[in-house]
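Q: Sharing a structure here in structure tokens format.
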């Protein structure tokens with residue numbers, strides 16, 4: 123059975139009542155995991171190169187993300203420790219496995235103490251090896267996105283996690299991800315490193331619907347992660363790459379189909395040249 127992670131990300135806009143409704147909706151739609159993000163404004167670092175950004179010869183060398191603006195944005199989205207504990211309890215009560223993304227080492231013990239047994243590592247932390255080592259010692263299930271790391275870094279992360287219950291997700295850190303850049307065949311390479319592999323899909327829902335997600339499932343993904351929302355597309359930062367309750371239900375139903383993979387994969391080659 124494929125695991126379906128409903129990534130609530132920042133689509134709750136800092137409103138725990140809305141986050142609670144998202145848990146209920148995701149559970150009803152067939153998700154297996156409900157995931158929040160543990161990111162606190164006080165843990166981010168001021169980096170001068172991000173104040174104005176840097177573009178050289180049309181290539182973005184450093185994004186523009188001013189510290190104070192980002193600090194204020196993240197501060198408004200924080201979920202308190204007490205509400206994080208409630209999140210775990212409500213997920214458990216509704217048949218979802220509670221999960222969160224851990225971004226800094228100082229949160230590892232706190233999150234374990236709140237009752238999380240499943241943890242997510244973001245793409246930009248796949249090479250944060252000390253963090254991964256600590257997570258492996260404190261959590262029963264670890265899911266690692268690999269979209270922002272070199273092959274040798276992905277391999278070393280897998281070596282650190284060897285012998286644990288871990289999965290690696292193919293991910294493209296381009297929001298939204300065009301279909302000609304999904305590169306789903308990379309899941310097969312990850313399968314040589316991890317006992318379980320999957321796809322974290324950031325394709326544009328209004329244009330591409332669920333096509334990339336369904337292709338990943340047809341190609342044998344053990345896990346599928348999708349941003350999930352109850353709000354209109356324009357009301358959250360991640361809205362354009364987020365699916366709603368009905369779409370999550372459609373993915374859940376699709377994941378349970380008995381597919382003829384080789385015949386189906388042949389047709390996928392025409393839809394997704396990048397997976398050849």
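Numbering (the working numbering), first residue to last: 123 to 398.
Every residue gets a Cβ at the ideal spot worked out from N, C-alpha and C, and that includes glycine.
Which word fits residue 176, buried or exposed, when buried means at least 16 other C-beta atoms lie within 10 angstroms of its C-beta?
A: Burial call: exposed.
Q: Which residues does DSSP list as the beta-bridge partners of residue 241?
A: Residue 241 is bridged to 222 and 264.
Q: Nearest-angstrom Cα distance between residue 340 and residue 268?
A: If you take the alpha carbons of residue 340 and residue 268, they lie about 20 Å apart.
Q: Kindly indicate the opening and closing residues of the beta strand (DSSP E) around residue 348.
A: It spans 345-350 - the beta strand (DSSP E) in which residue 348 sits, taken as one unbroken run.
Q: Please go through the same chain and pick out, in chain order, the residues whose beta-carbon is closer than 7 Å to the beta-carbon of residue 152, but skip the five residues on each side of it.
A: Only 126, 370, 371 and 374 meet the Cβ criterion.
Q: In three-state DSSP terms, what is residue 295?
A: Looking at residue 295 - three-state DSSP - the assignment turns out to be coil, as it is neither helix nor strand.
Q: Strictly under 9 Å for the Cβ-Cβ distance: is residue 243 near chain D by that measure?
A: Here chain D cannot be found, since the structure has a single protein chain.
Q: If you reduce the DSSP assignment to three classes, tell me which class residue 325 lands in.
A: Residue 325: coil per DSSP, three-state reduction.
Q: In this structure, how does DSSP classify residue 384 when only helix, strand and coil are distinguished?
A: A caution first: residue 384 carries a pLDDT of 42, below 50, which makes its placement in the model unreliable, though a value can still be read off. Helix, per DSSP.
Q: Say whether the stretch 250-262 touches the stretch 290-298, bearing in mind that this needs 3 or more beta-carbon pairs closer than 8 Å, one atom from each stretch.
A: Segments in contact, no.
Q: For residue 158, which three-state DSSP category applies?
A: Three-state result, residue 158: strand.
Q: Of the choices 313, 154, 365 and 171, whose alpha-carbon is the least far from that of residue 329?
A: Here the closest residue by C-alpha is 365.
Q: Cβ-heavy atom distance between residue 336 and the ligand SAM below 8 Å?
A: With respect to the ligand SAM, the structure shown offers nothing to examine, as it has no ligands at all.
Q: Here's the rule: buried if 16 or more other CB atoms are within 10 angstroms of the residue's CB, otherwise exposed. What is residue 250?
A: Residue 250 should be labelled buried.
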